[in-house]
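**Q** Chains as they are written, first to last, in our numbering: chain V, 222 to 680; chain B, 222 to 680.
Here you go:
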């Protein structure tokens with residue numbers, strides 16, 4: 222049986238597969254910071270070369286920002302588009318890493334061996350599970366299971382500014398029967414999952430300016446406006462005492478969680494206490510009356526992701542700063558409109574401004590929330606394939622994160638996505654000491670081989 | 222007449238005096254940041270050598286922090302203690318400086334030639350006015366006008382942690398008939414002033430911690446506590462809508478401004494509009510019902526001098542940070558107790574903490590406000606001497622800044638201080654592009670020669 226041969230091949234090729242992933246992890250492909258532009262580019266070039274090695278017709282494709290990697294191979298239906306991203310989050314605070322974030326190593330953990338590096342789980346390790354599945358398939362069968370297009374993005378962690386124009390300009394080339402996306406997690410180490418709802422995203426960086434220079438708090442304190450105070454008022458005003466967002470019309474388009482979905486989530490046996498205790502917390506901080514799964518999968522949020530202004534060095538400096546800044550982002554659900562949310566935030570800031578203060582904004586690319594049509598046949602096939610690989614049957618879950626590409630595929634290319642990933646809750650993505658389980662990497666590749674076989678009917 | 226010869230000598234020695242000041246300004250003696258420890262020490266050593274050159278018995282004296290410079294010379298009464306500080310404020314934001322802060326130059330400004338460098342006005346340029354006056358006196362007369370002790374501190378900009386223990390341990394050596402302090406400003410370019418009241422200072426750095434690591438706002442957002450939100454609530458809660466500080470008992474010990482003092486300040490012709498417009502502002506931000514002079518000289522404040530937490534780099538990072546931080550300081554008046562104010566602030570923070578959050582504090586050394594006994598004879602003599610040097614008569618003024626040493630001299634050594642300085646409002650101390658007017662440096666030295674003559678009766 223072809224599938225078993227492919228799985229055996231994946232097993233046998235693990236040492237080389239790990240070498241390849243380590244090579245990819247060594248590129249410091251931080252997309253948010255222009256200082257790393259060369260490294261982002263080098264990661265793209267390495268992927269092009271690797272895909273060509275499998276016989277795909279791969280290219281680095283330029284955009285106004287970081288390049289895309291696009292590759293084609295195979296013939297016959299269905300036409301599958303696989304998506305992943307090769308850029309990574311910034312590494313700060315660098316002082317909290319146990320070791321250099323771009324020097325991958327295998328590390329023993331209480332839950333088994335893990336691959337430790339920035340990007341190991343988000344998303345380099347994940348995208349390579351699919352590449353390794355294809356490589357094994359090609360090695361065993363001499364050809365790919367069907368027509369396959371690969372799209373690797375280099376701007377996912379910086380708002381994907383080039384993605385929609387790129388999809389529009391190359392719609393004919395990229396439109397497939399459906400998309401496969403590997404940028405999500407498993408329910409737990411035994412239970413694979415397919416993510417069927419995602420929160421959307423909106424955000425903006427705000428700068429509040431008062432005096433035209435930093436002032437001495439002795440000379441001016443008491444008479445001059447302090448923009449940090451104004452910013453504190455702005456940010457404190459975003460939530461009421463119950464943690465509910467106060468922006469007008471913010472909850473327009475936020476649906477009640479349907480009774481049957483709420484019931485299904487209750488069967489998952491999610492341990493709120495353990496989930497919070499894992500990161501040193503004991504009480505849910507969100508709106509009362511919702512479970513933690515609801516708070517993170519089905520409720521919108523407003524979060525300050527960064528704040529700075531004035532003196533932050535050692536000791537004290539009695540300054541009234543000229544400026545104060547914050548980065549604020551919103552997780553969206555249902556039909557919330559990212560554009561309307563950011564406009565409402567900007568209006569809230571302006572309404573808080575006292576005399577002599579002005580505000581300016583840098584908007585973050587937004588995306589609405591998404592819900593997948595789980596009755597389509599590929600969802601059932603994928604679930605069955607995953608269930609064959611792992612100890613427990615696969616489940617459909619929601620997700621609190623945003624994967625804007627899924628919305629863009631639907632709106633620009635009219636294409637649904639099957640979201641399968643092998644991340645674990647303790648992967649520390651976006652945090653110091655990110656890792657990816659070695660089992661996720663290995664069994665992830667095997668899972669994709671099974672899913673490919675199921676979706677193409679080739680096994 | 223001896224005084225005239227001393228003044229002539231100061232005039233003739235200006236080029237060399239400026240060279241000496243430039244040498245002192247080149248030391249990067251930032252006391253708040255341990256990275257500059259060597260430079261602080263080097264500045265102290267240079268001062269010791271320079272004072273020995275005038276024939277003073279000068280030494281670097283160790284403390285648990287940065288060293289003091291102590292020098293003695295002259296005989297006969299009155300015994301005068303001169304105080305200045307050779308440490309400087311940090312230079313950030315470094316990007317806003319027109320040129321390197323520790324590479325002094327002469328710069329033409331609309332108000333005449335200025336000495337541009339960090340520390341030019343606060344306080345190296347000021348302390349050297351006194352040193353140059355002494356040097357000229359010694360050159361002309363072969364001896365100093367009376368017994369003189371010099372005390373130069375290296376920790377003024379970092380809360381003077383070693384000062385009180387040093388004064389206690391060396392009380393007999395340092396106690397003089399009264400102190401002369403050069404760390405204040407003139408009322409305007411024509412009007413010298415003696416500062417007779419100073420605001421006190423209290424402060425603390427607060428850190429709020431929630432989760433034990435940075436979290437992904439997609440996974441945890443809505444369920445996990447965001448310490449930046451808690452910090453915003455803490456800081457927003459420090460003031461009511463009128464800008465009044467809300468801490469319980471904060472206004473205990475804050476006096477009404479006496480009618481006669483208020484009347485004297487009104488005669489100063491202070492132009493509030495111009496004062497604010499000079500830094501790009503148009504409306505006083507403080508408590509209604511008080512003039513700007515009252516707000517800055519006679520009212521207490523709570524100011525956030527710095528805030529940071531989460532991601533502050535280019536682009537966006539959707540993180541829920543583990544920690545958020547702020548530096549908060551209070552300007553005090555009347556009988557406000559610095560210790561009680563900081564305790565009250567800490568209690569306010571703790572009262573704002575939701576579950577799973579903890580707060581920690583680093584206290585800043587505090588000092589109560591001070592009022593000088595202006596009826597003592599040395600105040601009248603000094604005012605007369607200053608009036609002879611400048612176009613307009615000298616005046617008594619209040620000050621919004623804190624010069625804790627004045628309080629320590631009074632409480633530890635039982636000694637009053639005469640505060641005379643030659644800074645101008647546009648000196649940008651504690652800010653980028655600090656400068657000191659060349660006229661302040663030159664006429665400041667001449668002023669001290671006149672004050673020494675008047676106080677010692679030697680001219």
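Glycine included, each C-beta is placed from N, C-alpha and C at the ideal position.
Work out the CA separation of residue 551(V) and residue 566(V) for me, nearest whole Å.
**A** So the alpha carbons of these two residues sit roughly 10 Å apart.
**Q** Starting from residue 502(B), trace the beta strand (DSSP E) both ways and give me its first and last residue.
**A** Segment: none, residue 502(B) is in no beta strand (DSSP E) and carries neither H nor E.
**Q** Near residue 387(B), what residues of its chain come up, given a Cβ to Cβ distance below 8 Å and the 5 sequence neighbours on each side ignored?
**A** Excluding positions up to five away in sequence, the list reads 282, 284 and 289.
**Q** Can you tell me whether residue 328(V) is helix, strand or coil according to DSSP?
**A** It is a strand residue.
**Q** Here's the rule I'm using: 16 or more other beta-carbon atoms within 10 Å means buried, otherwise exposed. How should residue 315(B) be labelled?
**A** Its Cβ having fewer than 16 others within 10 Å, residue 315(B) is exposed.
**Q** With 9 Å set as the bound, which would you pick, yes or no: does the beta-carbon of residue 642(V) sit closer than that to a beta-carbon of chain B?
**A** So no, residue 642(V) is outside the interface.
**Q** So, does the CB of residue 456(V) fall closer than 9 Å to a CB anywhere in chain B?
**A** Chain B contact via Cβ: present.
**Q** Looking only at C-alpha atoms, which of 545(B), 520(B) and 511(B) sits nearest to residue 527(V)?
**A** Cα-wise, what sits closest to residue 527(V) is 545(B).
**Q** Helix, strand or coil for residue 602(V) per DSSP?
**A** Correct three-state label for residue 602(V): helix.
**Q** Give me the subset of the region 526-543 of chain B whose CB atoms are less than 9 Å from a CB atom of chain V, sorted by chain position.
**A** Flagged, chain order: 526, 527, 528, 529, 530, 531, 532, 533, 534, 535, 536, 537, 538, 539, 540, 541, 542 and 543.
**Q** At least one CB of chain B closer than 9 Å to the CB of residue 567(V): is that the case?
**A** Residue 567(V) does not count as touching chain B.
**Q** Evaluate residue 668(B) with the Cβ neighbour count: other Cβ atoms within 10 Å of its Cβ, from every protein chain shown; 16 or more gives buried, anything less gives exposed.
**A** Answer is buried; the Cβ neighbour count reaches 16.
**Q** Quick check: is the beta carbon of residue 332(V) nearer than 9 Å to any beta carbon in chain B?
**A** Not one chain B Cβ lies under 9 Å of residue 332(V).
**Q** Under the assumption that residue 379(V) contacts residue 253(V) (Cβ atoms under 8 Å), give the Cβ distance between them as a whole number of angstroms.
**A** Rounded, the Cβ-Cβ distance is 4 Å, consistent with contact.
**Q** Between residue 597(V) and the rest of its own chain, which residues show a CB-CB distance below 7 Å, the 5 nearest in sequence each way excluded?
**A** Once the five neighbours on either side are set aside, the close Cβ partners of residue 597(V) are 637.
**Q** Put residue 408(V) into one of helix, strand or coil per three-state DSSP.
**A** Looking at residue 408(V) - three-state DSSP - the assignment turns out to be coil, as it is neither helix nor strand.
**Q** Please confirm whether residue 447(B) has its beta-carbon closer than 9 Å to some beta-carbon of chain V.
**A** Chain V, which has a Cβ nearer than 9 Å to the Cβ of residue 447(B), makes this yes.
**Q** Against residue 308(V), what residues of chain B qualify as contacts under a CB-to-CB distance less than 9 Å, listed in chain order?
**A** Ordered by position in chain B, no residue passes the 9 Å Cβ test against residue 308(V), which lies about 11 Å from the chain.
**Q** Just confirm the distance between the C-beta atoms of residue 420(B) and residue 561(B), as a whole number of angstroms; I'd bet it's less than 8 Å.
**A** Not quite, the Cβ-Cβ distance comes to about 16 Å (not below 8 Å), so this is no contact.
**Q** Mind checking residue 623(B): buried by the 16 CB within 10 Å criterion, or exposed?
**A** Residue 623(B) comes out buried.
**Q** What do you get for residue 627(B), buried or exposed, if any count of 16 or more other CB atoms within 10 angstroms of its CB means buried?
**A** The residue is buried, with at least 16 neighbouring Cβ atoms inside 10 Å.
**Q** Excluding the five sequence neighbours on either side, which residues of its own chain have a C-beta within less than 6 Å of the C-beta of residue 344(B), listed in chain order?
**A** For residue 344(B), where only same-chain residues beyond five positions count, the Cβ hits under 6 Å are 305, 306 and 404.
**Q** Assuming residue 245(B) and residue 371(B) make a contact with CB atoms under 8 Å, what is their CB distance in whole Å?
**A** That pair is no contact at about 14 Å.
**Q** For residue 582(V), I'd like the list of residues in its chain whose CB is within less than 6 Å of its CB, leaving aside the five on either flank, ordered along the chain.
**A** Excluding positions up to five away in sequence, the list reads 425, 427 and 567.
**Q** For residue 586(B), name the three-state secondary structure that DSSP assigns.
**A** Here residue 586(B) sits in strand by DSSP.
**Q** Beta-carbon within less than 8 Å of residue 700(B)'s beta-carbon, same chain only, minus the 5 sequence neighbours each way: which residues are those?
**A** For chain B, the structure presents residues 222 to 680; residue 700(B) sits outside this window and is missing.
**Q** For the pair the region 647-667 of chain B and the region 350-362 of chain B, tell me if three or more CB-CB distances fall below 8 Å.
**A** Contact holds: three or more Cβ-Cβ distances are below 8 Å.
**Q** To the nearest angstrom, report how far apart residue 230(V) and residue 361(V) are at their CA atoms.
**A** When rounded, the distance between both Cα atoms is 7 Å.
**Q** Return yes when at least one heavy atom of the ligand FAD lies under 8 Å from the C-beta of residue 594(B), else no.
**A** Inclusion of the ligand FAD in the displayed structure is not the case, the ligand content being empty and no account of it being possible.
**Q** Need the endpoints of the alpha helix (DSSP H) that residue 231(B) sits in, please.
**A** Element bounds for residue 231(B): 223-233.
**Q** Any beta carbon of chain B sitting closer than 9 Å to that of residue 501(V)?
**A** Judged by the 9 Å Cβ criterion, residue 501(V) is in contact with chain B.
**Q** Roughly how far, in whole angstroms, is the beta-carbon of residue 298(V) from the beta-carbon of residue 398(V), given that I think they are within contact range, below 8 Å?
**A** Indeed, because the Cβ distance is near 7 Å, the residues count as touching under 8 Å.
**Q** Could you give the first and the last residue of the continuous alpha helix (DSSP H) run that contains residue 529(B)?
**A** Note, residue 529(B): premise wrong, no alpha helix (DSSP H); beta strand (DSSP E) at 522-531.
**Q** Which partner residues of residue 303(V) appear in the DSSP bridge assignment?
**A** In the DSSP output, where bridge partners are listed per residue, residue 303(V) has 371(V) and 401(V).
**Q** Quick one: complete alpha helix (DSSP H) runs, 4+ long, within the region 433-491 of chain V?
**A** Listed in chain order, they are 438-441, 448-457 and 480-487.
**Q** Quick one: Cα of residue 452(B) to Cα of residue 541(B), how far?
**A** So the two alpha carbons sit approximately 13 Å from each other.
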